[in-house]
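At position 8 of the sequence shown (counting the first as 1) the number is 11 in the working numbering, and the numbers step up by one without a gap.
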Amino acid sequence: MKIFLDSANVTEVKEAASWGILSGVTTNPTLAAKEGRDFKTNIKDISALVDGPVSAEVIATARDEMVSEAHELVRISDNVVIKIPVCLEGLAATKTLKEEGIHVNMTLVFSVNQAILAARAGAAFVSPFLGRLDDIGTDGLERLSEMVETFRNYDFSTEIIAASIRSPEHVVQAAQIGANIATVPFKVIEQMVKHPLTDLGMERFLADWAALQAQLVADGVNDMETAPKA
Ligand code: E4P
Numbered sequence: 004m005k006i007f008l009d010s011a012n013v014t015e016v017k018e019a020a021s022w023g024i025l026s027g028v029t030t031n032p033t034l035a036a037k038e039g040r041d042f043k044t045n046i047k048d049i050s051a052l053v054d055g056p057v058s059a060e061v062i063a064t065a066r067d068e069m070v071s072e073a074h075e076l077v078r079i080s081d082n083v084v085i086k087i088p089v090c091l092e093g094l095a096a097t098k099t100l101k102e103e104g105i106h107v108n109m110t111l112v113f114s115v116n117q118a119i120l121a122a123r124a125g126a127a128f129v130s131p132f133l134g135r136l137d138d139i140g141t142d143g144l145e146r147l148s149e150m151v152e153t154f155r156n157y158d159f160s161t162e163i164i165a166a167s168i169r170s171p172e173h174v175v176q177a178a179q180i181g182a183n184i185a186t187v188p189f190k191v192i193e194q195m196v197k198h199p200l201t202d203l204g205m206e207r208f209l210a211d212w213a214a215l216q217a218q219l220v221a222d223g224v225n226d227m228e229t230a231p232k233a
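Set out below in structure tokens:
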């Protein structure tokens, strides 16, 4: 499963890209608003840091305006993907953009039916929102599982992005279900790498190594004899 970063923050994107785990970035108007910067400048900066798709969402609600906005956004960088909410106007805009060779990520997907329609309209990605489904007492992972199973029955090239991820466990479950991608907030990626036994193990290794050095000094052994080769 590929990992995208769900963030519009340049510092977070730069840091996550340095870890070598990043295959793309997703933004949305709420994340963009948090940055308080010009949206297009922000997307340009993010796109330069990532070797993979960067989703930028349209604000328009009518098909023609969605398409015009998409045309402006794709001019920012070759790796910009257009995020469009799943609705009838959004499907029509996706069809047009697909015909023009522009990749669309259909967002705010909460049902299998929405995912099927997005795929049929030609979306390159669909983004089911796990956390927001959980928030209303529905099982987001169950919906994701149904979507993955449904897509497997056909030759849909549309990739499923598990979105609205709230915890490392969401990521594990999305991977086991078979989502193509998980778009994960920075904080959750940091949590994914953590394990108390890793921290304890590192502490012990360092303490044992320090004890050895102290012992060697006490024994008068030249530490060049034992130092690891560079
Ligand atoms: C995905 O593309 C969305 O930007 C994001 O995952 C939404 O997450 P939220 O429900 O935590 O706002």
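Virtual Cβ for every residue (Gly too), placed ideally from N, Cα, C.
With 16 or more other CB atoms across the displayed protein chains lying within 10 angstroms of its CB, Ala177 is buried. Contact between Leu144 and Ile180 is confirmed by a C-beta separation of about 7 Å, below the 8 Å threshold.
Between Thr97 and Ala126, the C-beta gap is smaller than 7 Å, which places the two residues in contact.
DSSP places Met4 in no beta strand (DSSP E); its state is neither H nor E. The C-beta separation of Phe132 from Leu8 comes to about 16 Å, leaving the pair out of contact by the 8 Å criterion.
The closest heavy atom of the ligand E4P lies less than 6 Å from the beta carbon of Arg135. A straight-line Cα-Cα distance of about 52 Å links Val89 and Leu209. In this structure, the beta-carbon distance from Phe128 to Glu162 falls below 7 Å. By a beta-carbon distance limit of 8 Å, Met69 contacts Ile87. Their separation comes to about 6 Å. Scanning the segment 28-72 for uninterrupted alpha helix (DSSP H) segments of 4 residues or longer gives 32-38 and 42-52, listed from N- to C-terminal end.
The residue among Val174, Asn82 and Glu103 with its C-alpha nearest the C-alpha of Pro56 is Asn82.
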